[in-house]
Amino acid sequence: MFLFEYPLGRIAEAVELAEYDGVEFWVETPYFWWKKDEKMLGEIERFVKAVHSAVIDLNPVSSNERVAELSIQETLYSVKIASLLSSPVTIHGGKRSAEREPVEEDYAALEKYFRIVKNYAEIKNVKVLLENSEKGINRLCRTAEEIEYYSKKFGFGVTLDLNHAAKNGNFESFLKILDRVENLHVSGYDERGRHVEVSRSEEVMEMLRKVGDAGYEGLVTIELDDLGIGELSFEEKVRVLKEQKEVVEKLLRL
0 MFLFEYPLGR IAEAVELAEY DGVEFWVETP YFWWKKDEKM LGEIERFVKA VHSAVIDLNP
60 VSSNERVAEL SIQETLYSVK IASLLSSPVT IHGGKRSAER EPVEEDYAAL EKYFRIVKNY
120 AEIKNVKVLL ENSEKGINRL CRTAEEIEYY SKKFGFGVTL DLNHAAKNGN FESFLKILDR
180 VENLHVSGYD ERGRHVEVSR SEEVMEMLRK VGDAGYEGLV TIELDDLGIG ELSFEEKVRV
240 LKEQKEVVEK LLRL
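For the record, in the sequence shown the residue sitting at position 156 is 155 according to numbering that gives the first Met the number 0, with numbers rising by one throughout.
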């Protein structure tokens, strides 16, 4: 989201200037998503280490069957893009449509979704990573227990989002399944829960220290939302990225 307003070539430039070794490509990046012209991927493919599936306005376990079907279709498209980029793809588990605890029907829909994604990903030779969900009573896959269960059942890896774990208050339980984590989403959070600089959250910085102490060696993705940081120029965003890279590397002892 941090560089959402730029074409893919400009994002690639930011990656180089900030001295990152790669990027997690969000398929809903507007300049790509509006056209879905796969030739555009050539502008950034050399930097792509992972892909994040489509999530905006989507819910694969929605009680509205059309919404659920469209959500599955967009996830499968994301898997296709990941295949073209030879990268793993991160997916979300969805949420109950009502603001209530998920029930049996929600979990049945979730398993249907996971089966479809698993089968297509195997055809496309793509590794699927299941991300722990945002805080919310109706969110599925927000606990380490659910993430571990479904990742084992369907052969998925895990994307651990520290922002989400902090807000859910369950980070320590994720340390127990760190061997399943292949992508680490790193950010602090502001009063609205948005993904902001990790240096703004002592809580998340301590989480990073513990992940580093545990010997984590997978992907590390610095995830930022400019809405929580403020209006910045391209050059200022590059500066923020460089600063956060230095903070994360120090905390993880990279």
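Backbone N, C-alpha and C fix where the C-beta goes; we use that ideal spot for every residue, glycine too.
With respect to ALA213, LEU177 sits close: the two C-beta atoms are nearer than 7 Å. With 16 or more neighbouring CB atoms inside 10 Å of its own CB, ARG95 falls in the buried class. Rounded to whole angstroms, the gap between the alpha carbons of GLU202 and HIS51 is 25 Å.
Bridge pairing for GLU23: ALA49 [DSSP]. Here ARG179 is buried. Its C-beta has 16 or more other C-beta atoms within 10 Å. In this structure, the straight-line span from the alpha carbon of ARG252 to that of LYS38 is close to 38 Å.
According to the DSSP assignment, THR74 belongs to the alpha helix (DSSP H) that extends over 64-83. The beta carbon of PHE24 is closer than 6 Å to those of VAL47, VAL50 in its chain, skipping five residues each way along the sequence. If you compare the alpha carbons of GLU15, GLY156, GLU64, ARG193 with that of ARG238, the shortest gap goes to GLU15. The beta carbon of VAL60 lies closer than 6 Å to those of GLY93, ASP105, ALA108, LEU109 in the same chain, with the five residues before and after it left out. Secondary-structure assignment with DSSP links TYR188 through a beta bridge to HIS194.
Pairwise C-beta distances place the region 131-147 out of contact with the region 112-122, as fewer than three of them are shorter than 8 Å. Assignment of ASP212 by DSSP, reduced to helix, strand and coil, places it in the helix class. When the Cα atoms are used, GLY8 and GLU44 turn out to be separated by approximately 10 Å. The beta carbon of ARG99 sits closer than 8 Å to the beta carbons of ILE136, ASN137 from its chain, once the five residues preceding and following it are set aside; these are given in chain order. The closest CA to that of GLU42, considering only LEU57, ASP56, VAL22, VAL54, is found on VAL22. A residue is called buried once 16 or more other Cβ atoms fall within 10 Å of its Cβ, and ILE55, having fewer, is exposed.
DSSP places LEU177 within a helical segment (H, G or I) once states are collapsed to three.
Excluding its 5 nearest sequence neighbours in each direction, SER62 has C-beta neighbours in its own chain below 6 Å: SER96, listed in chain order. In the DSSP assignment, VAL219 falls within the unbroken beta strand (DSSP E) covering 218-221. Beyond the five residues adjoining it in sequence on each side, PHE3 comes within less than 7 Å, by CB distance, of THR28, PRO29 in the same chain, given in chain order. When ASP224, SER232, VAL66, THR89 are compared, the shortest CA-CA separation from VAL197 is found for ASP224.
Between the C-alpha atoms of MET0 and THR220 there is a straight-line separation of about 12 Å. Annotation for LEU161: VAL185, VAL203, MET206 place their beta carbon closer than 6 Å to its own, counting only its chain and skipping 5 residues before and after. ARG138 has LYS94 as its beta-bridge partners, per DSSP.
Judged by beta-carbon spacing, ALA17 lies within the 7 Å limit of LEU240, meaning their Cβ atoms are closer than that value. For LEU226, the three-state secondary structure derived from DSSP is helix.
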